[in-house]
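Heads up, the thing below is written out as structure tokens.
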Amino acid sequence: MLNKLKRIDSGSNEFSRKVRVKLLSEEAKMPTRSNLSDAGWDLYSTEDVVITGGQRRVVKTGVSLQIPDEWVGLIWPRSGLSVKKGIDVLAGVIDSGYRGEIMVCLYNTNMQLKLFADDDDPIVTIKKGDRIGQILFQRVPDVHLVEVDYLSDSDRGEKGFGSSGQ
-18 MLNKLKRIDS GSNEFSRKVR VKLLSEEAKM PTRSNLSDAG WDLYSTEDVV
32 ITGGQRRVVK TGVSLQIPDE WVGLIWPRSG LSVKKGIDVL AGVIDSGYRG
82 EIMVCLYNTN MQLKLFADDD DPIVTIKKGD RIGQILFQRV PDVHLVEVDY
132 LSDSDRGEKG FGSSGQ
């Protein structure tokens, strides 16, 4: 048993990459990937939701996770939902210590009114079972912040937004 715990703590094998998933309702679906090479795991809605133009809605997935220490789950948009329906996903960070339900904040980027025939419909309906976002798992090193009086020089220096070109 001790040997197994050492391997889990080392972070360099399969034990450290297992994420335990708890389905919280009958409607909940396991996160899925279409291909082994996909970075993100699709998350599914457990409810029907109507999102009008310019509105944000937090949508339940019916899933809770046990993410390994030194890892984080990052919630990202699904490209199809963004391109086809104008729905964006607002950033989500799922820390390894969080055990509650994963929820996805959706934002309808469409205009509030349909002005022209070819405008996207400003009202988008998300149905129970629809894929609404994806979660990517990323390793997070343990860092320590140290307050200092000065920072070393760099090529970029203090050049900010747009300073590296178009």
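-18 is the number of the first residue of the sequence shown in the working numbering; add one for each residue after it.
Just so it is clear, CB atoms sit at the ideal spot from N, CA and C, and this is done for glycine as well.
State the DSSP-derived secondary structure class of residue i, mapped to helix, strand or coil.
i, result
"R38", "strand"
"K3", "strand"
"L(-14)", "For L(-14), the predicted model reports a pLDDT of 41, less than 50, meaning its position is unreliable and no value from the coordinates is stated."
"S63", "helix"
Looking only at C-alpha atoms, which of the options sits nearest to residue i?
i, options, result
"E8", "V53, I75, R37, G43", "G43"
"R120", "I48, P12, Y25", "I48"
"D111", "R80, E28, T33, E128", "E28"
"L24", "Y131, Y79, R(-2), S45", "S45"
"K41", "S60, V0, P12", "P12"
"D76", "L117, L62, S18", "L117"
"P58", "W22, P122, G34", "W22"
"D123", "S26, D50, G34, K3", "D50"
"R38", "V0, T90, D130, G54", "T90"
"G78", "K108, V127, A20, G54", "G54"
Excluding five sequence neighbours on each side, which residues of the same chain lie with their C-beta closer than 7 angstroms to the C-beta of residue i?
i, result
"L(-17)", "Because L(-17) carries a pLDDT of 42, less than 50, the predicted location of this residue cannot be relied on, and no value is offered for it."
"G143", "none"
"V31", "I104, T106"
"E128", "none"
Could you name the residues of the same chain whose beta carbon sits closer than 8 angstroms to that of residue i, not counting the 5 residues immediately before and after it, in chain order?
i, result
"E82", "L5, K41, T42, G43, V44, S45"
"K(-1)", "P49"
Might you give, ordered along the chain, the residues of its own chain that have their beta carbon closer than 6 angstroms to the beta carbon of residue i, omitting 5 neighbours on each side?
i, result
"L62", "I68"
Where are the beta strand (DSSP E) runs, 3 residues long or more, that stay fully inside the region 78 to 137, in chain order?
Runs of the beta strand (DSSP E) inside the region 78 to 137: 82 to 89, 105 to 107, 112 to 120.
If you pair each beta-carbon of the region 132 to 140 with each one of the region 66 to 75, do three or more pairs fall below 8 angstroms?
Judged by Cβ distances under 8 angstroms, the region 132 to 140 makes no contact with the region 66 to 75, as fewer than three pairs qualify.
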